[in-house]
Amino acid sequence: MEATGSTNLALSVRSVPEEEPPDPQELRLDNMLLAEGVSGPEKSAAAAAAALAAATGGSSSDDSCEYADYREKLAQIRMIYHTELDKYEQACSEFTGHVMNLLREQSRTRPISPKEIESMVSIIQRKFSAIQMQLKQSTCEAVMILRSRFLDARRKRRNFSKQATELLNEYFYSHLENPYPTEETKEELAKKCSITAAQVSNWFGNKRIRYKKNIAKYQEEANMYAMRTALDASQSSSPATSNTGGYPDSCYTPDGML
DNA sequence: TCTAATGATTCGAG
DNA sequence: CTCGAATCATTAGA
């Protein structure tokens with residue numbers, strides 16, 4: 001632990017004027033940490049996480065649960081990173097002070113040039129910045145792992161919200177004769193249900209085939225939605241148009257599906 | 001813990 | 001490309 005590496009010292013002395021070692025690796029790490037919201041201002045963590053959510057494909061409302069988890073873990077990483085960074089910084093200056101004292105002591109027995117001191121300091125800083133680099137590296141790794149786990153969690157199937165299924169069923173059963181929403185309609189439904197258009201497509205694909213496979217099983221559901229849309233219609237537009245219990249026939253006999 | 005429901009994926013056809 | 005169909009994988013309910 002003694003700073004007696006004078007040969008080492010002389011060897012590694014190179015023109016390192018304070019900063020700007022254009023190390024692309026470190027630059028990369030810095031950028032990454034900044035983008036992930038680990039370094040940089042406090043608020044940007046949420047922004048980075050939001051960016052991640054957006055990058056994974058919309059639906060920013062209902063995944064708040066795994067999302068909070070992600071953010072919590074990210075904050076943890078962030079905290080560790082900063083405390084470690086501070087620790088190294090402190091250790092660095094402490095160690096520098098130590099070495100300075102040693103040099104001062106030695107200066108009583110031999111002449112020590114300012115240049116030697118300067119190079120000594122730069123060596124120490126290099127060593128410590130290497131350590132910090134390592135810290136950045138491992139922090140990056142941790143973030144990557146966390147990120148991939150977050151993505152994995154999202155990849156798992158989640159049932160749509162009750163509300164979303166209601167909306168989808170509503171459309172499906174009120175268009176039983178032709179349950180093929182256009183791309184536009186899919187987008188619209190997707191927006192309302194806070195899912196993706198592809199998910200809407202999946203849903204309709206599944207629904208059509210499963211409905212067709214066993215119409216009887218879905219009869220009750222069909223009646224329910226038919227009644228409800230009928231009720232809605234009678235309430236909103238023409239309450240006087242009788243037919244209180246009468247649903248459109250097409251909802252009962254979807255011959256278009258056979 | 002077994003089972004039904006359900007969202008996603010894959011593949012052939014048109 | 002979309003669709004139907006079969007199938008997979010996970011979820012929710014008994």
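Heads up, the first sequence is in UniProt numbering, so the first residue is 1 and it goes up one at a time. A virtual CB, placed ideally from N, CA and C, is assigned to each residue, including glycine.
Residue range of the alpha helix (DSSP H) that TYR171 falls in? Indexing the first sequence from 1 puts residue 171 at position 171. Its alpha helix (DSSP H) spans residues 162 to 174.
Roughly how many angstroms lie between the CA atoms of ILE112 and GLU94, to the nearest whole one? Stepping through the first sequence from its first residue, residue 112 is reached at position 112. Stepping through the first sequence from its first residue, residue 94 is reached at position 94. GLU94 has its alpha-carbon roughly 21 Å from the corresponding atom of ILE112.
Suppose the cutoff is 8 Å on Cβ atoms and the five residues either side in sequence are ignored; what does the same chain contact list for CYS92 look like? Start at 1 with the first residue of the first sequence, and residue 92 comes out as number 92. Once the five neighbours on either side are set aside, the close Cβ partners of CYS92 are ILE124, GLN125 and PHE128.
LEU189 versus GLN76 - alpha carbon distance: Your numbering for residue 189 matches position 189 in the first sequence. Your numbering for residue 76 matches position 76 in the first sequence. Near 38 Å, if we compare the C-alpha coordinates of GLN76 and LEU189.
For TYR218, which residues in the same chain have their Cβ closer than 7 Å to its Cβ, ignoring the five residues on either side in sequence? As a first step, residue 218 must be located in the first sequence, where it is residue number 218. Here the set comprises TYR211.
Helix or strand or just coil, what does DSSP make of GLY37? Here residue 37 refers to the residue found at position 37 of the first sequence. Reduced to three states, the DSSP call for GLY37 is coil.
State the Cα-Cα distance for the pair GLU118 and ARG104, rounded to the nearest angstrom. Counted from its first residue, the first sequence places residue 118 at position 118. Counted from its first residue, the first sequence places residue 104 at position 104. The alpha-carbon atoms of GLU118 and ARG104 are separated by roughly 13 Å.
What span of residues does the alpha helix (DSSP H) with ILE209 cover, start to end? Position 209 of the first sequence holds residue 209. Unbroken alpha helix (DSSP H) run through ILE209: 197 to 213.
Under 8 Å, do ALA164 and ILE195 count as touching if we go by C-beta distance? Within the first sequence, the letter at position 164 stands for residue 164. Within the first sequence, the letter at position 195 stands for residue 195. Contact flag set, yes.
Residue from LEU102, SER107 and GLY37 whose Cα sits closest to the Cα of MET79: For the purposes of this step, residue 79 is taken as the residue at position 79 of the first sequence. Comparing Cα positions, the closest option is GLY37.
Apart from the five residues just before and just after TYR81, which ones in its own chain have a Cβ nearer than 6 Å to its Cβ? Here residue 81 refers to the residue found at position 81 of the first sequence. Around TYR81: VAL38 and THR139.
Among THR229, GLN25, LYS73 and SER234, which residue has its Cα nearest to the Cα of LEU146? Locating residue 146 in the first sequence gives position 146, counting from the first residue. For the residues THR229, GLN25, LYS73 and SER234, the minimum Cα distance to LEU146 belongs to LYS73.
First and last residue of the uninterrupted alpha helix (DSSP H) at GLU183: Here residue 183 corresponds to residue number 183 of the first sequence, with the count starting at 1. Segment 183 to 193, the alpha helix (DSSP H) holding GLU183.
Taking a contact to mean a Cβ-Cβ separation below 8 Å, would you say TYR88 touches ILE131 in this structure? In the first sequence, the residue the question calls residue 88 occupies position 88. In the first sequence, the residue the question calls residue 131 occupies position 131. Yes, Cβ-Cβ distance for TYR88 and ILE131 is below 8 Å.
Could you have a look at SER119 and say whether DSSP puts it in helix, strand or coil? Taking the first sequence and counting its residues from 1, the one referred to as residue 119 is at position 119. DSSP places SER119 in helix when its eight states are reduced to three.
Buried or exposed for MET120, please, with buried defined as at least 16 other CB atoms from any protein chain shown within 10 angstroms of its CB. Within the first sequence, the letter at position 120 stands for residue 120. That one is buried.
DSSP three-state assignment for ASP232, whether helix, strand or coil: As a working mapping, residue 232 is identified with position 232 in the first sequence. Note: ASP232 maps to helix in three-state DSSP.
Between GLU84, ARG208 and GLU116, which lies nearest to LEU135 when the distance is taken from Cα to Cα? As a first step, residue 135 is located in the first sequence; it is residue number 135 there, counting from the start. Checking every option, the nearest Cα to that of LEU135 belongs to GLU84.
Go through its chain and collect everything with a Cβ distance to LEU33's Cβ below 7 Å, but skip five positions before and after it. Taking the first sequence and counting its residues from 1, one reaches residue 33 at position 33. Closer than 7 Å at Cβ, skipping near neighbours: SER39, LYS136, THR139 and CYS140.
Any heavy atom of the ligand GDP closer than 7 Å to the beta-carbon of THR229? This structure lacks the ligand GDP; in fact it carries no ligand of any kind.
Considering only the beta carbon of each residue, do SER201 and LYS186 sit closer than 8 Å? Taking the first sequence and counting its residues from 1, one reaches residue 201 at position 201. Taking the first sequence and counting its residues from 1, one reaches residue 186 at position 186. Contact: yes.
Nearest-angstrom Cα distance between ASP232 and LEU168? Translated into the one-based positions of the first sequence, residue 232 becomes position 232. Translated into the one-based positions of the first sequence, residue 168 becomes position 168. Rounded to the nearest angstrom, the two C-alpha atoms are 16 Å apart.
Within 10 Å of its beta-carbon, does LEU27 have 16 or more other beta-carbons around it, so buried, or fewer, so exposed? The residue given as residue 27 occupies position 27 in the first sequence. Exposed, because fewer than 16 other Cβ atoms sit within 10 Å of the Cβ of LEU27.
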